[in-house]
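Note sheet for the following structure.
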Amino acid sequence: MEKIDKLDRQILNIISKNARIPFKDVAEECGVSRAAIHQRVQRMIDMNVIVGSGYHINPKILGYNTCTYIGVKLERGSMYKDVVPEFEKIPEIVECHFTTGPYTMLVKLYARDNEHLMELLNNKIQEIPGVVATETLISLRQSVKREIPICKIIEE
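Per numbering that gives the first Met the number 0, the sequence shown starts with residue 0, numbered consecutively.
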């Protein structure tokens, strides 16, 4: 793997705070050319250091008022590969993790309200073959949301 140097970290720090910042502004702040920024960003995309870009959508504005984490227990952990495609069919599920601890999987989803959440749980998630139990945790408020600290990237 190629090295991530001080300039790369500086670029990542800037663009992680504002993905829409023009490269000319990044270049000015870093003291290099716009072309250098473009090349560095493209290299980091190719290296999978940068793995996406886009807009963050506020679910509440779209009517999804309930953010929920669901601990899912499977009959057997190996059923994970069969359950994930079923979760992918449920558009309200935005994250799914195969985990250690008391749950086989942890799912994050957004529901319009508690009634919609109950429908998703009872008629979709708990009906998936292999799902033997769920535990639902409703998020009352998201207090922290950020990217991994850029300064912690280790140079090899």
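Heads up, the beta-carbon is just placed ideally off N, CA and C, and yes, glycines get one too.
Keep in mind it's a predicted model, so treat the numbers as computed, not measured.
Over the uninterrupted beta strand (DSSP E) stretch that includes Val143, give me the two end residues.
-> Residue numbering aside, residue 143 sits at position 144 when the sequence shown is read from its first letter. Run containing Val143: none; DSSP gives neither H nor E here.
What separation, rounded to the nearest whole angstrom, lies between the Cα atoms of Pro128 and Leu136?
-> As a first step, residue 128 must be located in the sequence shown, where it is residue number 129. As a first step, residue 136 must be located in the sequence shown, where it is residue number 137. Between Pro128 and Leu136, the C-alpha separation is close to 22 Å.
Alpha carbon to alpha carbon, what distance is there between Ile92 and Tyr63?
-> Here residue 63 refers to the residue found at position 64 of the sequence shown. Here residue 92 refers to the residue found at position 93 of the sequence shown. Whole-angstrom Cα-Cα distance: 12 Å.
Relative to the C-alpha of Pro58, which residue among Lys80, Cys29, Gln141, Met78 is closest?
-> As a working mapping, residue 58 is identified with position 59 in the sequence shown. The residue with the shortest Cα to Cα distance from Pro58 is Gln141.
Would you report the Cα separation of Glu155 and Glu28, rounded to the nearest angstrom?
-> Taking the sequence shown and counting its residues from 1, one reaches residue 155 at position 156. Taking the sequence shown and counting its residues from 1, one reaches residue 28 at position 29. Its pLDDT being 43, under 50, Glu155 is placed unreliably in this model, and the value from its coordinates should be taken loosely. Distance between the alpha carbons of Glu155 and Glu28: 26 Å.
Three-state secondary structure assigned by DSSP to Asn82 | Within the sequence shown, numbered from 1, the residue matching residue 82 stands at position 83. The residue asked about is misnamed: residue 82 is Val in this sequence, not Asn. If DSSP states are grouped into helix, strand and coil, Val82 belongs with the helices.
Decide if Ile69 is buried, meaning its Cβ has at least 16 other Cβ atoms within 10 Å, or exposed.
-> Here residue 69 corresponds to residue number 70 of the sequence shown, with the count starting at 1. Ile69 should be labelled buried.
Residue of Met117, Leu120, Asp112 minimising C-alpha distance to Leu139 = As a first step, residue 139 must be located in the sequence shown, where it is residue number 140. Among Met117, Leu120, Asp112, the Cα nearest to that of Leu139 belongs to Asp112.
Outcome for Arg145 when other beta-carbon atoms lying within 10 angstroms are tallied against a minimum of 16 | As a first step, residue 145 is located in the sequence shown; it is residue number 146 there, counting from the start. With fewer than 16 other Cβ atoms within 10 Å, it is exposed.
Considering only C-alpha positions, which residue in the set Phe97, Ala110, Lys5, Lys23 is nearest to Ile60?
-> By 1-based counting over the sequence shown, the position of residue 60 is 61. Checked all of Phe97, Ala110, Lys5, Lys23; the closest Cα to Ile60 is Ala110.
So what does DSSP say about Glu154, is it helix, strand or coil?
-> Counting from 1 along the sequence shown, the entry for residue 154 is found at position 155. Confidence is the limiting factor: at Glu154 the pLDDT is only 46, short of 50, which leaves the residue's position unreliable, though a coordinate-based value still follows. Coil.
Taking Glu134 as the reference, give the member of Gly76, Val106, Gln38, Gly53 with the closest Cα.
-> Within the sequence shown, residue 134 is the residue found at index 135, counting from 1. Checking every option, the nearest Cα to that of Glu134 belongs to Val106.
So which of Ile49, Leu11, Leu108 has the shortest CA-CA distance to Pro90?
-> What you label residue 90 is simply residue 91 of the sequence shown in a count that begins at 1. Nearest option by C-alpha distance: Leu108.
Taking just the CA atoms, how far does Val25 sit from Ile13?
-> Locating residue 13 in the sequence shown gives position 14, where the first residue counts as 1. Locating residue 25 in the sequence shown gives position 26, where the first residue counts as 1. Cα-Cα distance, rounded: 7 Å.
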